[in-house]
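> The opening residue of the sequence shown carries number 4 in my numbering; numbering runs sequentially from there.
The beta carbon of each residue, even a glycine, is placed where N, CA and C say it ideally should be.
Being a predicted model, the structure only gives us computed values, none of them experimental.
What follows is a structure written as C-alpha coordinates; I'll ask about it next.
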Amino acid sequence: MTMGVLAAVAEFERDLLVERTQAGLSRARAAGTPLGRPQALSDADAHTAREKLSSGLYVAAVVRQYGTSRQTIMRVRDRALQESA
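In C-alpha coordinates:
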(Lines of atoms letter the chains of each structure in order from A and count residues from 1; the text may use other names and numbers.)
(Lines give C-alpha, C1' and ligand atoms only; values in the text may rest on other atoms or scores of the structure.)
Protein backbone atom coordinates (compact mmCIF):
# COMPACT_ATOMS: atom_id res chain seq x y z
CA MET A 1 0.00 0.00 0.00
CA THR A 2 2.82 2.41 0.83
CA MET A 3 4.38 1.86 -2.59
CA GLY A 4 1.03 2.60 -4.25
CA VAL A 5 0.75 5.91 -2.41
CA LEU A 6 4.33 6.87 -3.29
CA ALA A 7 3.72 5.97 -6.93
CA ALA A 8 0.57 8.10 -7.01
CA VAL A 9 2.39 11.08 -5.46
CA ALA A 10 5.26 10.69 -7.94
CA GLU A 11 2.85 10.57 -10.87
CA PHE A 12 1.03 13.65 -9.59
CA GLU A 13 4.33 15.53 -9.20
CA ARG A 14 5.34 14.53 -12.73
CA ASP A 15 2.05 15.89 -14.09
CA LEU A 16 2.66 19.17 -12.25
CA LEU A 17 6.17 19.35 -13.68
CA VAL A 18 4.85 18.88 -17.22
CA GLU A 19 2.23 21.59 -16.68
CA ARG A 20 4.81 24.05 -15.32
CA THR A 21 7.15 23.32 -18.21
CA GLN A 22 4.42 23.85 -20.80
CA ALA A 23 3.31 27.07 -19.09
CA GLY A 24 6.88 28.37 -19.07
CA LEU A 25 7.37 27.55 -22.75
CA SER A 26 4.09 29.26 -23.64
CA ARG A 27 5.07 32.34 -21.66
CA ALA A 28 8.48 32.44 -23.36
CA ARG A 29 6.91 32.11 -26.82
CA ALA A 30 4.44 34.89 -26.03
CA ALA A 31 7.31 37.12 -24.92
CA GLY A 32 9.14 36.40 -28.17
CA THR A 33 12.09 34.72 -26.50
CA PRO A 34 14.05 32.61 -28.98
CA LEU A 35 13.91 28.94 -28.02
CA GLY A 36 16.36 26.20 -28.84
CA ARG A 37 20.03 26.08 -29.50
CA PRO A 38 21.67 29.23 -30.88
CA GLN A 39 22.85 29.17 -34.48
CA ALA A 40 26.52 28.39 -35.05
CA LEU A 41 26.73 31.10 -37.71
CA SER A 42 24.81 34.33 -37.97
CA ASP A 43 22.86 34.97 -41.16
CA ALA A 44 25.55 37.39 -42.32
CA ASP A 45 28.32 34.86 -41.66
CA ALA A 46 26.37 32.15 -43.48
CA HIS A 47 25.93 34.45 -46.48
CA THR A 48 29.65 35.26 -46.51
CA ALA A 49 30.52 31.57 -46.20
CA ARG A 50 28.27 30.80 -49.18
CA GLU A 51 30.03 33.46 -51.23
CA LYS A 52 33.43 32.03 -50.30
CA LEU A 53 32.33 28.54 -51.26
CA SER A 54 30.91 29.71 -54.58
CA SER A 55 34.17 31.52 -55.35
CA GLY A 56 35.98 28.18 -55.16
CA LEU A 57 37.30 28.13 -51.61
CA TYR A 58 37.44 24.65 -50.09
CA VAL A 59 35.03 23.68 -47.34
CA ALA A 60 37.95 22.94 -45.01
CA ALA A 61 39.32 26.45 -45.50
CA VAL A 62 35.95 28.02 -44.68
CA VAL A 63 35.67 25.81 -41.60
CA ARG A 64 39.04 27.05 -40.35
CA GLN A 65 38.08 30.69 -40.96
CA TYR A 66 34.85 30.48 -38.99
CA GLY A 67 35.98 27.99 -36.35
CA THR A 68 32.88 25.89 -36.77
CA SER A 69 32.25 22.28 -37.71
CA ARG A 70 32.50 20.92 -41.23
CA GLN A 71 28.88 19.82 -41.05
CA THR A 72 27.74 23.39 -40.34
CA ILE A 73 29.43 24.68 -43.48
CA MET A 74 28.10 21.74 -45.50
CA ARG A 75 24.59 22.53 -44.25
CA VAL A 76 25.00 26.18 -45.27
CA ARG A 77 26.20 25.08 -48.72
CA ASP A 78 23.37 22.58 -49.17
CA ARG A 79 20.76 25.12 -48.08
CA ALA A 80 22.10 27.57 -50.67
CA LEU A 81 21.88 24.88 -53.36
CA GLN A 82 18.27 24.12 -52.40
CA GLU A 83 17.30 27.79 -52.49
CA SER A 84 18.79 28.23 -55.96
CA ALA A 85 17.01 25.16 -57.36
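Drop a sphere of 10 angstroms on the beta-carbon of V79, count the other beta-carbons inside from all chains shown, and report buried for 16 or more, exposed for fewer.
buried
> What did DSSP end up calling M4 once you bin it into helix, strand or coil?
coil
> Please classify Y61: does DSSP put it in a helix, a strand, or coil?
coil
> Less than 8 Å between the C-beta atoms of V65 and A52, yes or no?
yes
> Rounded C-beta distance between L38 and A31? I'm assuming under 8 Å.
6 Å
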